[in-house]
């Protein structure tokens with residue numbers, strides 16, 4: 528485990544323990560059962576969702592109003608109805624928190640329902656409650672959205688923007704000379720390997736092997752994998768690492784591949800801003816994020832290989848159906864071809 532991953536595990540373990548102190552004491556059984564099956568980040572997400580759900584119960588639902596979260600018992604859990612859960616999902620569609628208006632879309636509500644289902648399923652199977660109301664609640668219908676990705680000339684424009692700095696503000700240009708090799712390496716790594724942003728910021732210098740053109744990452748679920756990279760990624764990384772040798776990292780970031788201006792391991796937020804900054808120059812009509820660069824790579828790989836299983840493997844999808852949903856859609860060019868295939872009248876008539 529890299530130093531970054533070890534630190535994140537420690538950080539989220541402490542956060543999870545803090546939330547568990549706010550939840551009913553019986554929740555400990557559930558989270559202990561999940562410890563060997565899930566990452567601490569997943570359990571932390573479950574804890575946040577369950578805290579929100581229980582907070583809704585004690586503030587909005589008759590029979591629970593006025594009760595304190597830590598004092599809730601398994602009898603209270605057994606009193607939850609499917610209607611209560613449906614009311615909760617409806618309430619989080621649009622709500623105000625700390626004077627800020629917030630929304631949850633279909634995917635977010637589906638994920639929150641999944642956490643509640645898993646929670647109730649555990650206690651029901653352990654015969655600690657008599658009812659499983661979550662199993663009676665239908666999942667929100669997910670409407671497929673068009674995937675935003677870059678086409679070939681937009682990819683070139685994005686990399687050109689990072690290299691040349693054209694279009695940057697005067698303030699941004701001041702730091703561009705110091706960061707451009709890093710920025711180009713980050714964008715090239717996203718576009719050339721399809722890794723996630725969390726995987727990118729966690730890469731250490733020792734994770735890269737230029738003899739084999741490979742590097743190791745820690746996947747979303749905590750598994751370590753070794754991926755390969757091509758010549759363009761190799762060149763961008765080598766250029767940046769030469770520059771990286773002249774930087775003295777802050778304590779605790781000595782092993783980090785990508786450093787911030789402050790000489791610390793670059794953060795997820797900083798990478799998101801970096802991508803947004805150059806994307807606004809290269810392709811202002813599209814809202815591009817690191818995940819959209821991942822989608823771009825997946826699309827390009829599928830178009831070149833026509834192998835959905837290869838795409839799933841390289842992207843780290845555990846379920847190939849996820850990959851099929853996103854990357855096996857017909858290209859615009861294929862759609863144009865399809866339009867010409869069907870003839871409604873015989874042209875000889």
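Residue numbers (my numbering): 528 to 876.
Glycine residues also receive a C-beta, built at the ideal position from the N, C-alpha and C atoms.
Keep in mind that this is a model prediction, so the values were computed, not measured.
query: Given residue 761, which residues of its chain have a CB within under 6 angstroms of its CB, disregarding the five upstream and five downstream residues?
result: Reading the chain shown from its first residue, position 234 is the one you call residue 761. Once the five neighbours on either side are set aside, the close Cβ partners of residue 761 are 740.
task: Report the option in 756, 829 and 575 whose CA atom is closest to the CA atom of residue 737.
output: If you number the chain shown from 1, residue 737 lands on position 210. Checking every option, the nearest Cα to that of residue 737 belongs to 756.
- prompt: Taking DSSP as the reference, what is the three-state secondary structure of residue 654?
  reply: Position 127 of the chain shown holds residue 654. DSSP places residue 654 in coil when its eight states are reduced to three.
query: Is residue 661 helix, strand or coil when you go by DSSP?
result: To locate residue 661, count along the chain shown from 1; it is residue 134. Of the three classes helix, strand and coil, the one that applies to residue 661 here is helix, per DSSP.
- prompt: Straight-line CA distance for residue 807 to residue 696?
  reply: As a working note, residue 807 is residue 280 in the chain shown. As a working note, residue 696 is residue 169 in the chain shown. Those two C-alpha atoms are separated by around 12 angstroms.
query: DSSP on residue 547, reduced to helix/strand/coil?
result: Against the chain shown, residue 547 aligns to sequence position 20. Secondary structure of residue 547 (DSSP, three-state): helix.
- prompt: Should residue 728 and residue 798 be called a contact, given that it needs their Cβ atoms to be closer than 8 angstroms?
  reply: Taking the first residue of the chain shown as position 1, residue 728 is located at position 201. Taking the first residue of the chain shown as position 1, residue 798 is located at position 271. One thing to note: residue 728 has its Cβ within 8 angstroms of the Cβ of residue 798.
query: Which same chain residues, not among the five before or five after residue 768, have their C-beta less than 7 angstroms away from its C-beta?
result: Translated into the one-based positions of the chain shown, residue 768 becomes position 241. Answer for residue 768: no residue qualifies.
message: Can you confirm whether the segment 648-666 touches the segment 687-694 when touching is taken to mean that 3 or more C-beta pairs between the two stretches lie within less than 8 angstroms?
response: Segments in contact, no.
query: What three-state label does DSSP hand residue 744 in the structure shown?
result: What you label residue 744 is simply residue 217 of the chain shown in a count that begins at 1. Strand.
Presumed contact (8 angstroms Cβ cut-off) between residue 566 and residue 843, rounded CB distance: Locating residue 566 in the chain shown gives position 39, counting from the first residue. Locating residue 843 in the chain shown gives position 316, counting from the first residue. Not quite, the Cβ-Cβ distance comes to about 13 angstroms (not below 8 angstroms), so this is no contact.
- prompt: Is it true that the CB of residue 838 sits closer than 8 angstroms to the CB of residue 829?
  reply: The residue you call residue 829 lines up with position 302 of the chain shown. The residue you call residue 838 lines up with position 311 of the chain shown. Against a cut-off of 8 angstroms, the Cβ pair of residue 838 and residue 829 comes out as a contact.
- prompt: For the alpha helix (DSSP H) that contains residue 621, what are its first and last residues?
  reply: One-based indexing of the chain shown puts residue 621 at position 94. Where residue 621 is concerned, there is no enclosing alpha helix (DSSP H), although the beta strand (DSSP E) it sits in stretches over 621-624.
field: Alpha carbon of residue 561 to alpha carbon of residue 570, nearest angstrom
entry: Locating residue 561 in the chain shown gives position 34, where the first residue counts as 1. Locating residue 570 in the chain shown gives position 43, where the first residue counts as 1. Cα to Cα, the separation comes out at about 7 angstroms.
field: Local conformation of residue 857 per DSSP, three classes
entry: Here residue 857 corresponds to residue number 330 of the chain shown, with the count starting at 1. Only weak support exists for where residue 857 lies, its pLDDT of 49 falling under 50; the value from the coordinates is given anyway. Note: residue 857 maps to coil in three-state DSSP.
query: What separation, rounded to the nearest whole angstrom, lies between the Cα atoms of residue 764 and residue 847?
result: Counting from one through the chain shown, the residue named residue 764 turns up at place 237. Counting from one through the chain shown, the residue named residue 847 turns up at place 320. Across the structure, residue 764 and residue 847 are spaced so that their CA atoms are roughly 30 angstroms apart.
- prompt: Any idea if residue 817 is buried or exposed, counting beta-carbon neighbours within 10 angstroms, 16 or more meaning buried?
  reply: Taking the chain shown and counting its residues from 1, the one referred to as residue 817 is at position 290. Residue 817 is buried by the Cβ-count criterion.
- prompt: Does any C-beta atom of chain D lie closer than 8 angstroms to the C-beta of residue 638?
  reply: In the structure shown, chain D does not exist; there is a single protein chain.
- prompt: How far does the alpha helix (DSSP H) with residue 769 in it reach, from first residue to last?
  reply: Numbered from its first residue, the chain shown carries residue 769 at position 242. Boundaries of the alpha helix (DSSP H) harbouring residue 769: 758-771, taken from the DSSP string.
field: Separation of residue 615 from residue 636, as counted between CA atoms
entry: Translated into the one-based positions of the chain shown, residue 636 becomes position 109. Translated into the one-based positions of the chain shown, residue 615 becomes position 88. Looking at the two C-alpha atoms, the distance is approximately 10 angstroms.
- request: Would you grab the beta carbon distance between residue 732 and residue 782 for me? Rounded to a whole angstrom, and I think it's under 8 angstroms.
  value: Residue numbering aside, residue 732 sits at position 205 when the chain shown is read from its first letter. Residue numbering aside, residue 782 sits at position 255 when the chain shown is read from its first letter. Confirmed, Cβ separation roughly 6 angstroms.
query: For residue 611 versus residue 658, is the C-beta distance shorter than 8 angstroms?
result: The count along the chain shown starts at 1 and reaches residue 611 at position 84. The count along the chain shown starts at 1 and reaches residue 658 at position 131. Not closer than 8 angstroms, so no.
message: Let me confirm a value: residue 822 is counted as buried when at least 16 other C-beta atoms fall within 10 Å, else exposed. Which label applies?
response: On the chain shown, position 295 is the one that residue 822 refers to. Label assigned to residue 822: buried.
message: Nearest by alpha-carbon distance to residue 591: which of 660, 597 and 603 is it?
response: Numbered from its first residue, the chain shown carries residue 591 at position 64. Selected option, being the one with the closest Cα: 603.
- prompt: In this structure, what does DSSP give as the bridge partners for residue 788?
  reply: Within the chain shown, numbered from 1, the residue matching residue 788 stands at position 261. Residue pairing of residue 788 in beta bridges, as defined by DSSP: absent, with no partner found.
- prompt: Is DSSP giving residue 634 helix, strand or coil here?
  reply: Here residue 634 corresponds to residue number 107 of the chain shown, with the count starting at 1. Note: residue 634 maps to helix in three-state DSSP.
- prompt: Where does residue 627 land, buried or exposed, given buried means 16+ other C-beta within 10 angstroms?
  reply: The residue you call residue 627 lines up with position 100 of the chain shown. Exposed is the call here.
- prompt: Got a sec, what are the start and stop residues for the beta strand (DSSP E) residue 898 sits in?
  reply: Absent from the structure is residue 898, since the part of the chain shown begins at 528 and ends at 876.
message: Let me check understanding here. Comparing Cα to Cα, which of 820, 559 and 584 lies closest to residue 716?
response: Along the chain shown, one-based indexing puts residue 716 at 189. It is 820.
- prompt: What's the C-alpha gap between residue 672 and residue 573?
  reply: The residue given as residue 672 occupies position 145 in the chain shown. The residue given as residue 573 occupies position 46 in the chain shown. Near 26 angstroms, if we compare the C-alpha coordinates of residue 573 and residue 672.
message: Counting C-beta neighbours from all protein chains within 10 Å, is the total for residue 597 16 or more, i.e. buried, or is it exposed?
response: Along the chain shown, read from residue 1 onward, the residue named residue 597 stands at position 70. Looking at its Cβ environment, which holds fewer than 16 other Cβ atoms inside 10 Å, residue 597 is exposed.
field: alpha helix (DSSP H) segment containing residue 617, residue limits
entry: For the purposes of this step, residue 617 is identified with residue 90 of the chain shown, where counting begins at 1. Here the alpha helix (DSSP H) through residue 617 covers 609-618.
- prompt: Ordered along the chain, which non-local residues of its own chain (more than five positions away) have a Cβ less than 7 angstroms from that of residue 664?
  reply: In the chain shown, the residue the question calls residue 664 occupies position 137. Here the set comprises 609, 612, 613 and 640.
field: Distance between residue 850 and residue 631 (C-alpha atoms, nearest Å)
entry: Residue numbering aside, residue 631 sits at position 104 when the chain shown is read from its first letter. Residue numbering aside, residue 850 sits at position 323 when the chain shown is read from its first letter. Between residue 631 and residue 850, the C-alpha separation is close to 24 angstroms.
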